[in-house]
Structures are given as C-alpha cells and as structure tokens.
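J.: Sharing a structure here in structure tokens format.
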Amino acid sequence: MDVPTPDLVCPDTTWAMGRVSSYGWGVWESRLHALFAVQCRYQLEDESAHLDEMPLMMSEEGFENEESDYHTLPRARIMQRKRGLEWFVCDGWKFLCTSCCGWLINICRRKKELKARTVWLGCPEKCEEKHPRNSIKNQKYNVFTFIPGVLYEQFKFFLNLYFLVISCSQFVPALKIGYLYTYWAPLGFVLAVTMTREAIDEFRRFQRDKEVNSQLYSKLTVRGKVQVKSSDIQVGDLIIVEKNQRIPSDMVFLRTSEKAGSCFIRTDQLDGETDWKLKVAVSCTQQLPALGDLFSISAYVYAQKPQMDIHSFEGTFTREDSDPPIHESLSIENTLWASTIVASGTVIGVVIYTGKETRSVMNTSNPKNKVGLLDLELNRLTKALFLALVALSIVMVTLQGFVGPWYRNLFRFLLLFSYIIPISLRVNLDMGKAVYGWMMMKDENIPGTVVRTSTIPEELGRLVYLLTDKTGTLTQNEMIFKRLHLGTVSYGADTMDEIQSHVRDSYSQMQSQAGGNNTGSTPLRKAQSSAPKVRKSVSSRIHEAVKAIVLCHNVTPVYESRAGVTEETEFAEADQDFSDENRTYQASSPDEVALVQWTESVGLTLVSRDLTSMQLKTPSGQVLSFCILQLFPFTSESKRMGVIVRDESTAEITFYMKGADVAMSPIVQYNDWLEEECGNMAREGLRTLVVAKKALTEEQYQDFEPMQSSSVESTHSTYTCAHRRLPLCPQSRYTQAKLSMHDRSLKVAAVVESLEREMELLCLTGVEDQLQADVRPTLEMLRNAGIKIWMLTGDKLETATCIAKSSHLVSRTQDIHIFRQVTSRGEAHLELNAFRRKHDCALVISGDSLEVCLKYYEHEFVELACQCPAVVCCRCSPTQKARIVTLLQQHTGRRTCAIGDGGNDVSMIQAADCGIGIEGKEGKQASLAADFSITQFRHIGRLLMVHGRNSYKRSAALGQFVMHRGLIISTMQVCHHIHHVPSVLLSAGPGREARDGDALPGAVQGPHQGGILMYGALVLFESEFVHVVAISFTALILTELLMVALTVRTWHWLMVVAEFLSLGCYVSSLAFLNEYFGIGRVSFGAFLDVAFITTVTFLWKVSAITVVSCLPLYVLKYLRRKLSPPSYCKLAS
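If you're matching positions, the sequence shown starts at 41 in my numbering and goes up one per residue.
Given below as structure tokens:
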C-alpha cells in the first residue's frame, strides 16, 4: 500500500500515528528517521551558511551591545567574498596557476588512498594490498637529480641568473669587453662551493639513512628466528625487539618477556616526553605457553587506516580457531610506534604499518632549502638595479641617435654598466657568512655551538617570533617535591624531617597495636569507620596523606638485572636485585615519580608493583601488600586519576584520587583553604595536586563492580574487565561502560562519578619542574628585544600553564586566558569572540581546540594570537607545531625561529626560517636536523643578540659597499662616455674587492662620489688626461678604503692589516696590469709611467679628490648622529 507523497512529508504526528496500523510501524519508523535526518541536515547547512555570512568581530564597536550569541554578530566581512575583475587581476591569476600546477602534480604523482587493513599474524603473503617498503629516506636528491636540482635552486633567483647571462655573453666576440675569468671565476667559485656543500650534506644524510635501514632485527618464522634488515620488514611479520633497541615499524604488542605482560618504552623521539610509557600485550597471545604457538593459532589484527595522531589507535584482535572466536579491543596501550625505544624486557609485535605510513614518518615534514631574508631583499634590489641599468643604457643609445647597430650597442652598454650589480657580490657575501659561522663556533661563551647551515647566519638577527618546545628545552624535566599542605599546617623543604619522624612514629604505633591485638583489629577499624568524626592528630593526618600519595599513581619500580646472569630460557625473566640502590621509578608523568621518590625519602617506599598488586615497605622494614581493584587513568577531560585498593591485612577497600584543583574542588568535602593555597603555590611556580580518599564498604564496591568470593580472583577479574579482556563480570556497570564503542569516555565518567562524592580532602602537594639554567633572564632579554615567544608542547594544559608562569614567559602582571575545549564551529565562534574582549592577555590553547579554530577561522585566530604577548599551545602533535610555524610565516610575513631538543620538534625546526636544536637528554635528532645546534637554552641569547645582530649588520654593510663601489664605477663609465673617452679602457681593473665594514652608502652616494672622482680628474688633471685610468682608480681605491675606515666603530688589528694589505695589493697590481695604466697599446711598448704617479702633484691632487668625495658624507653622518642619535647611544649615555 503506497502512501502519497504529500502525506509522507507532512509533519502532523496525529495523522502519522493513525497510519501506523495499516502501513507497518517498522517501515514508518525508518521513513520518519530519514525525514528527521534530512531536516537536521538542512538545519546544519543553514547554520553553517549563516556562520559563513557572520565572521568574527574584529573591532571594538561590535562588543558594545555585550551580545554573546553568534546569531547577533554583524556582517563584517561579506565584501571579502566578492569575486570580480579586481580579484582576478590581484589574486585570481595566482590562484588559477596554483590550481593548474597542483592538478598536474596530482596527475603525475597520484597518491594511494589509505585504507584500513586486516593483518594476519606471521603471514605477509595474505596482505590484500601492496604496502610501502620499511625504509627511511631523508635525501633530497639522487644521482640523476643532484646537479639539475642544485643548479635550479641557485638560478631560480634573479641575482644568480643575471650573473649567468652576463658571463655567457662574453663568449660572443662582438660583446666581449674583458677577460673571461673576471666573469666566470666568481660565478664558478660560488657554484663549486654550493655544490660541494650540498654534496657533503647529501652524503651524510645517505649514510644516516643507510645506518638506520641496515639495522638487523630478529624475525620470527615457522622455522625459527631469522635476521632481517629494517628495510626488508613487511606488514604481517612477527618482529622481536630487544631491550634498548629501536622499534623499526608500527606494531601491535603481542608478547613480552616480562611476567606482568607489560613493558615500558621511551617515546622521546616521537612526542618529546622523556618519561617511559607503559604498554600492555594482547592478553590472548601473552597467555600462550610458548613462543612458537603464535604460528599454531589462526589470528589477525584489524587496524584502522594510517593516520598522524600518535595518541590514539582503534583496532581489534581476533582469534578464529577458538570456540567461540576470541575478540579483543585494541587501543593505544597495545601499540608500539616506530622510532620509540624498548626500555624493559623483550617484546614481540606484528607489523601493521611500514615506511611512509608509520606515525613517525607521517609526522615528519620534508626539509626545505632555506633562503635568508637578506638574500631575498638583495634579489629584489637586483631587479630594481637591472631596470635602472636598462633605462640608463637606453638613454646612452638615445644620445647616440640610434645610429648603426644600436641594438648591439645597447647590449654593450648593459655589459659596461653591469658594475652596478657586481658579480663579486655573491662571492663576498658567501665568504662573509662562512666567517660569521666560524666565529659562532669559536665563541667561548657558547661552547659546543655548531653551524650546520652557513647560508643564513644573519637570520638570527631578524627574528620576530620564537617558537620553543617545553620539555628539555625550557625545563630539565626533573621534578622536585617542594610543599605539602594539610590545611592547618604546611611543610616545606626545610621541615621534611618532621614528616619523616611523624611517619616513623605512626607506623611504630600501628605495629605495636597490631602485635597486641591481632584478632580485634578488623572489627575495631570497622567500628571506627562508623563512629562520629573526631579531629585527627597531625601525625595521623600526615600518615594518611603520605599513604595516599604512595598508593595513588601509575609508577612502577624498575630493578636493573644483575651482571653476569644469563637467561636460561628464551623468555625467562632475569634475576633481579631488589635492593634500594638498584631501584628506579618509571611512569608516564614525572610528577608522579617525584611524589613516590618523596614518600621514599620520608620512610614509606614503593618496592613492587604489577597489574594487580602493590607492595610498600615501612620505615621498620615491614612489607604491606595492597590489591589493585580498579585503576582510573588520567585524561585531559577528567584532569584527575584514581585507584581503588584493598589492604590485604585488614581487607579495607579505599578509593584514592588526586588531580587538578579545578577538577577536585567540587568532589571533596567543603573546606575554606584549598583555593587560596592553590593560588599561593601557583604563584610560586609549583605544580599542584589535590589528594583525597573515600573509604568504601563491601556493598558500595560490589554495587560498582561485582566481585567473586576470593579477593585475589576478584582482583584479577575486575582488572581483566577494566582492560577489555574476556569479562568475568558481564553485569558490571563499569565493565559495560568500558566495552562500549560509542561515547565510551562519557559512560565511564558517569559510572565513576557515582563514587566521587563527598571525598575526604587529605592534602595539597606542590612539585617544582626545574628550569634550565638562566631561562628566566634569557626569556626576559628576548622579550625586551621585541621577540614574541610561543611555547608549543605535547604536555598537559595544566603543566604548560605552570611552566609558562614559572619561567616568566608570562609576566606576573599579565592575565592568562585558557581557551576552553571546543569541538564545533559555533563553539569556536563564541570562544574567539570572548577572547577578543581580552587585552594584554596570554593565550593557552590545546591542540584539539586549535585544530577546530584553524579549520573554520584560520585568519581570525592568527590575527588574535599575534596580538598576545605570549601564546602557549599544549597537546600539540609534531605536525601541528610545523603548521603553526607555517601559519605565522604566511599571515605575518615575519621571520620565525623554532627551537627544540627532541625528534618531535624536527618538523617545526625544518619549517621555521631558522631552526635551532639543543643536544639534550632526548638525543641528537633535533640537533642534526637544525640549522644551528647549541647545548643549553641560555646560549640562544648570545646567539641572537650578538652573533645574529652582528651577522645581519655586517652582511648588509658588505652588500651596500659592493653595490656602492659598482655605482661609482658605473657613474665614471657614464662620465667617460659623455666626454668621448673609450669606455672599454674601464671595462676591467683592480679594486674589485669589498671590505668588511658598516657604512650607510645609499643610492645617492655612489653617483655623487663617482661624479666627483671623474670630474675632479678632468679639472685637476686636464693636461695629463692620458693617465685617466690611473688617476680615477687610485682615487676610487682610496675613497673605498677611507669609507671603510670612517664607518668602523671598534678597531681590531686585523682591520688595520686589511686596510694596508688592500692598498698594497692595488700598488702591486699597477706592475702586473700596466697595459691599463700606460699611455698606449702594449704592442707599441707602453710601460708604466712611474715618474708621473710618484710626483707630489699627482699625490696631492688625488688626495684632494678623495677628500672632497668623502668629506661631505662624513659631515652629514656626524650631524645626523648628533641631532638624532640611535637608541643604544642614548642608553650608553
């Protein structure tokens, strides 16, 4: 029975219910759902279009009405969306060219679509698709593309292309005006140096890639272990990775030699965090009796498609040969990402991603050839000078009346006046940059500095944005416990001995009571729990606080194996020495390690921990055992972690929880001191944690998680339920929430929230993250220099905010705006407008919120963020760090510098205009990829303020001097031509060297001095004009040397030697190039007129010309410095 279309779309519910009986409720319900879905989709599209027409308010007028809803925002930027002839002329052609080029590139290099995959254990041949090789390639060229690639990178700039054309023109006899070597020697020298440097760098990259790709790993096969290279590993292989060995590819963790079924890995080269991460093996494969049984089962892993997110993973493990089939959910804790290091035990994993599909490679950007801003400016200046050169040549041809082969004369004039753009400019600049790099590496105040990119030293002096990592860069990542506050009493570093005595006395009293009455201990505690509350003594409160701190964490004690002990079996755990000297603590957070180390210092020591239990040692040596019933890990949403433990001696169940004050304040019982003390500790730069507890009865816990009779069996069952294994308690609310595939985190939080009520506040802890040496004065100096500092870190929001305060990245007088978590366009719209109302406020934003803002409001967000005195981005992936650098470059056009010390900072360092790497605890990966390498963060101050500034000023002055000299020579050429002197006489000559110095020659100085030199020679040497070349070039050399001397602020003995050496080179060149200084041609026996140039008349007249050309400029410079002195002179006075 068909329903008419008008009736179907009618929203009348009464009519719809009347048709249910005849039409069938199932079909009707599906159509209703489809109808509502269409309506919702139209509503969302309308809202999206509405937001498109209502961009963010970027002016103060829009906030006068104090409206917060984005539906009331004015239409501020609709005009930007208009397209027309103006858009096509300005930007349209560029957009069309980019689109066409992108389309052609996509056709030539079509990327394979990434898909989810099914990976069978130990069976690479069963893979349905072909996957990339597991090889690392960081090379930019190969054997065939090296020379074309390097030449393209050089001659894509107009400056180098101009030199090439000028040099090639000298092969044409009609255009030749000098020796070939005077043109090709400088150009060949530059190309030789550049190609040699690129070849060395490329060979080093090849060696590093070859070393990594040739590392041997044990591959498990049916016939046993086989050694295989890293580059030969395939998807589906079973790879054995030993302790302290790099994981070669992305794998799912199947087995480990550790009895607990877990291991630690170091991820410092992936996410920049030096803390060890705990990984858990798949339960089904870990429980197999022997290693070879992996080939006796039929199992596969279903993995999501490759993606860049290193903090998440979704997949399933399925064993088909069991009845019923076993299914296990896989998450990030079951993965082993490539480029991480196994820190404990031996692991076996099945490869799921290889090569360019691994997380580490997908988060690494390709290196780019960096070009300094000075080179770009010189390139633009060269274009302007070339246009002036063409115009001057046209004027000269016009004065000749376009007679004869005027086009050939035009080109010859272009060659004659090419001194305006001297071919030696690149040679002098490259040699100067090499000297600047050498000076940086030899500076005793910044030892260990390495210059890896010698072409951009002046960039260090032109930076506007400094983007820095946190862990290992600003901080040492070493936490120290500083403060314990109990509400009425506070303990600092100098009163920790009091806590130690209280803990010792408390456990001594408990032990004596337990020895006196063992049988009545449990009923007594139960009676105490139901008794009215009485004020506890300080000793008991300290005891409970220390006990809570040592139990509520994710720390695992690690003991080093004894030397000389060999493993008897393949996966037998080595004997371990459980002494205090051999114990270290490992956790995903250094805060927790600091807390557990502090409890050990006051007498309560964590000696052992596995997935189900913990053992503590009291000051008297007694061992206390606790069963871990539940563990609630820390998340960025909850901002807290908790644990439910059972004391095996008393059977008491206690729920401990600690977290940030904003998350714990609504949970704990009412108090009047927590908020105030948290603020006091935060102002001191301490990282605060609120610790609380709640005693649970057996009935309360069973309501949360039903247990079996045996506490040990119960512990095991609840743990396995918590980790998504085969549940023993299928009716558990918590287990059902953990197994949910939709909104899992919300459902788990709702179940746990039933326990988080009226918790007893125990204490407030303060931990200090030690900063690197002299971080505060260095940041203050950079900020005073006008450099804006952004901190990009993968750490938690609270940690990043605390470090921003303690390092004085955010000054004490500035407010901090924490950008709340946004997930949609509307939320981002509202939050950005709320942030727009803040003034002189530092911004703290998470990576997820940043991604949403950049997706919809990229321009607006960057515009607002650039107005902030400081920006902190937390939970940033390596790709996000690089993207932020690129956005700053695109939207501001300013120079950026990135500094970091870990492998996760490589993309950011390579994307920045200037990358600085620190050799630290996280290895040398960032140092090797950076343009400059230093050993401490404080060295960046001298590197930027001294070497960067001096390199920029010297390079600018050197470029100005070389062009200034070219303008003088070209002006003299014009004067010669006007007075009908064969200009070919001046086509080559000495004095082409440029000297270091810092002068202010402009476009006017060159023609001014050139005219004075030429016309002064005409006036003073009218009778000896046949010696015009010797006269003019002598005056030119003296003028240049005098200009250098006048601009030197601080004399060095090398400068004096250079001045006299330059003058000596010129005098000696008179003997070798006498044909240019004689009175006739060489074939007629011309010789150097020594008698003429040694006369007093010659000397004083040349000196007079030189003084007249330089004195006015020096007088103007002196008057300007007196009337308008620079800033540093004002500060010095």
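Note that CB positions come from ideal geometry on N, CA and C, so glycine has one too. Predicted model, so just to flag it, every value in this text is computed and none were measured.
Mind checking which residues open and close the beta strand (DSSP E) that includes Tyr-599?
T.: Counting from 1 along the sequence shown, the entry for residue 599 is found at position 559. From DSSP, the beta strand (DSSP E) with Tyr-599 extends over 596-599.
J.: When the distance is taken between beta carbons, is Val-685 closer than 8 Å to Ile-707?
T.: Taking the first residue of the sequence shown as position 1, residue 707 is located at position 667. Taking the first residue of the sequence shown as position 1, residue 685 is located at position 645. Against a cut-off of 8 Å, the Cβ pair of Val-685 and Ile-707 comes out as no contact.
J.: Thinking Pro-346 and Leu-154 are a contact (beta carbons under 8 Å), I'd like their distance in whole angstroms, please.
T.: For this step, residue 346 is matched to residue 306 along the sequence shown. For this step, residue 154 is matched to residue 114 along the sequence shown. Their Cβ separation, rounded to whole angstroms, is 5 Å, which keeps Pro-346 and Leu-154 in contact under 8 Å.
J.: Which residues mark the beginning and the end of the alpha helix (DSSP H) in which Phe-901 is found?
T.: Counting from one through the sequence shown, the residue named residue 901 turns up at place 861. It spans 898-906 - the alpha helix (DSSP H) in which Phe-901 sits, taken as one unbroken run.
J.: Could you give the DSSP three-state label for Arg-876: helix, strand or coil?
T.: Against the sequence shown, residue 876 aligns to sequence position 836. Arg-876: helix per DSSP, three-state reduction.
J.: Comparing C-alpha positions only, which one of Val-159, Asn-403, Arg-1005, Gly-1104 sits nearest to Ile-460?
T.: Translated into positions along the sequence shown, residue 460 becomes position 420. Minimum Cα distance to Ile-460 is reached at Arg-1005.
J.: Label Gly-264 either buried or exposed according to how many other C-beta atoms from any shown protein chain fall within 10 Å of its C-beta, with 16 as the threshold for buried.
T.: To locate residue 264, count along the sequence shown from 1; it is residue 224. Gly-264 is exposed by the Cβ-count criterion.
J.: Just how far apart, CA to CA, sit Gly-866 and Leu-872?
T.: Taking the sequence shown and counting its residues from 1, the one referred to as residue 866 is at position 826. Taking the sequence shown and counting its residues from 1, the one referred to as residue 872 is at position 832. Answer to the nearest angstrom: the Cα atoms are 10 Å apart.
J.: Which residue wins for smallest C-alpha separation from Thr-1134, given the options Phe-203, Val-1147, Ile-1071?
T.: Position 1094 of the sequence shown, counted from the first residue, corresponds to residue 1134. Nearest of Phe-203, Val-1147, Ile-1071 to Thr-1134, Cα basis: Ile-1071.
J.: Quick check: the segment 784-793 against the segment 491-509, are at least 3 beta-carbon pairs closer than 8 Å?
T.: The segment 491-509 vs the segment 784-793: no contact.
J.: Answer yes if the segment 178-191 comes into contact with the segment 261-278, meaning at least three C-beta pairs across the two stretches below 8 Å, and no otherwise.
T.: Short answer: they don't touch.
J.: Could you have a look at Ala-339 and say whether DSSP puts it in helix, strand or coil?
T.: Indexing the sequence shown from 1 puts residue 339 at position 299. In the structure shown, Ala-339 sits in a strand (DSSP, three-state: E or B).
J.: Helix, strand or coil for Ala-1057 per DSSP?
T.: Here residue 1057 corresponds to residue number 1017 of the sequence shown, with the count starting at 1. Helix, per DSSP.
J.: Where does Ser-665 sit, in a helix, a strand or coil, going by DSSP?
T.: For the purposes of this step, residue 665 is identified with residue 625 of the sequence shown, where counting begins at 1. It is a strand residue.
J.: Have a look at Lys-1141, Leu-983, Ala-156 and flag the residue whose alpha-carbon is nearest the alpha-carbon of Leu-500.
T.: In the sequence shown, residue 500 corresponds to position 460, counting from 1. If we check each option's Cα against that of Leu-500, Leu-983 comes out closest.
J.: Quick test of the definition: if touching needs 3 or more C-beta pairs under 8 Å, does the segment 989-1003 touch the segment 512-528?
T.: No: the two stretches stay apart, fewer than three of their Cβ pairs being nearer than 8 Å.
J.: What does a CB cutoff of less than 8 Å around Pro-886 pick up in its chain, not counting 5 residues either side in sequence?
T.: Looking up residue 886 in the sequence shown gives position 846. Here residue 886 turns out to be Ser, not Pro, going by the sequence shown. Closer than 8 Å at the Cβ level, and outside the excluded window around Ser-886, lie Ser-676, Leu-837, Phe-859, Gln-861, Cys-913, Cys-914, Arg-915.
J.: Leaving out the 5 sequence neighbours to the left and right, which residues in its chain are closer than 7 Å to Ser-653 when beta-carbon positions are compared?
T.: For this step, residue 653 is matched to residue 613 along the sequence shown. Taken in chain order, the residues that qualify are Ser-665, Phe-666, Cys-667, Ile-668.
J.: To the nearest angstrom, how far is it from the Cα of Asp-888 to the Cα of Met-985?
T.: Start at 1 with the first residue of the sequence shown, and residue 888 comes out as number 848. Start at 1 with the first residue of the sequence shown, and residue 985 comes out as number 945. C-alpha separation (whole angstroms): 35 Å.
J.: Round the Cβ separation of Leu-215 and Ser-207 to the nearest angstrom and send it over; I've been treating them as touching at under 8 Å.
T.: Here residue 215 refers to the residue found at position 175 when the sequence shown is read from its first residue. Here residue 207 refers to the residue found at position 167 when the sequence shown is read from its first residue. With a Cβ gap of about 11 Å, Leu-215 and Ser-207 do not count as contacting.
J.: Mind pulling the beta strand (DSSP E) runs of 3 or more residues that sit fully within the segment 236-308?
T.: Whole beta strand (DSSP E) segments, 3+ residues: 256-261, 264-269, 278-281, 290-296, 302-306.
J.: Measure the CB-CB distance between Thr-296 and Gly-385 and report whether it falls below 8 Å.
T.: Counted from its first residue, the sequence shown places residue 296 at position 256. Counted from its first residue, the sequence shown places residue 385 at position 345. Contact: yes.
J.: Do you know offhand how far Pro-817's Cα is from Arg-157's?
T.: Position 777 of the sequence shown holds residue 817. Position 117 of the sequence shown holds residue 157. Taking the straight line from one Cα to the other gives about 52 Å.
J.: Taking contact to mean at least 3 C-beta pairs separated by less than 8 Å, is the segment 167-177 in contact with the segment 415-424?
T.: No contact exists between the segment 167-177 and the segment 415-424.
J.: Let's see if you can read the secondary structure: which residues bound the beta strand (DSSP E) around Gln-347?
T.: Along the sequence shown, one-based indexing puts residue 347 at 307. No beta strand (DSSP E) holds Gln-347; DSSP gives it neither H nor E.
J.: For Leu-802, I'd like the list of residues in its chain whose CB is within less than 7 Å of its CB, leaving aside the five on either flank, ordered along the chain.
T.: As a working mapping, residue 802 is identified with position 762 in the sequence shown. These residues qualify, in order along the chain: Glu-584, Ala-585, Ala-588, Val-731, Ala-732, Lys-733.
J.: I need the straight-line Cα distance from Trp-160 to Asp-311, nearest angstrom please.
T.: By 1-based counting over the sequence shown, the position of residue 160 is 120. By 1-based counting over the sequence shown, the position of residue 311 is 271. So the two alpha carbons sit approximately 29 Å from each other.
J.: Any contact between the segment 892-910 and the segment 922-938? By contact I mean 3 or more CB pairs, one from each, below 8 Å.
T.: Contact holds: three or more Cβ-Cβ distances are below 8 Å.
J.: Can you tell me where the alpha helix (DSSP H) with Val-1148 in it begins and where it stops?
T.: Indexing the sequence shown from 1 puts residue 1148 at position 1108. Per DSSP, Val-1148 belongs to the alpha helix (DSSP H) from 1136-1163.
J.: Assuming contact is defined by CB atoms lying nearer than 8 Å, are Leu-646 and Leu-656 in contact in what I supplied?
T.: In the sequence shown, the residue the question calls residue 646 occupies position 606. In the sequence shown, the residue the question calls residue 656 occupies position 616. Result yes, Cβ atoms of Leu-646 and Leu-656 sit closer than 8 Å.
J.: With H, G and I counted as helix, E and B as strand and the rest as coil, what does DSSP make of Cys-1224?
T.: As shown, the chain starts at 41 and ends at 1173. That puts residue 1224 outside it, with no answer to give.
J.: DSSP three-state label for Asn-517, please.
T.: Here residue 517 refers to the residue found at position 477 of the sequence shown. In the structure shown, Asn-517 sits in a strand (DSSP, three-state: E or B).
J.: Answer yes if the segment 440-448 comes into contact with the segment 524-531, meaning at least three C-beta pairs across the two stretches below 8 Å, and no otherwise.
T.: The segment 524-531, when compared against the segment 440-448, does not touch it at the 8 Å Cβ threshold.
J.: Quick one: give me the first and last residue of the alpha helix (DSSP H) that Ala-585 is part of.
T.: What you label residue 585 is simply residue 545 of the sequence shown in a count that begins at 1. Ala-585 -> alpha helix (DSSP H) spans 578-591.
J.: Enumerate in chain order the residues of its own chain whose CB-to-CB distance from Phe-972 is below 8 Å, with the five nearest sequence positions on each side excluded.
T.: For the purposes of this step, residue 972 is taken as the residue at position 932 of the sequence shown. Excluding positions up to five away in sequence, the list reads Met-480, Thr-489, Val-490, Val-491, Arg-492, Thr-493, Leu-500, Cys-954, Gly-955, Ile-956, Gly-957, Leu-983.
J.: Per DSSP, what kind of secondary structure is Gly-441 in: helix, strand or coil?
T.: On the sequence shown, residue 441 is found 401 positions in, with the first residue counted as 1. In the structure shown, Gly-441 sits in coil (DSSP, three-state: anything other than H, G, I, E or B).
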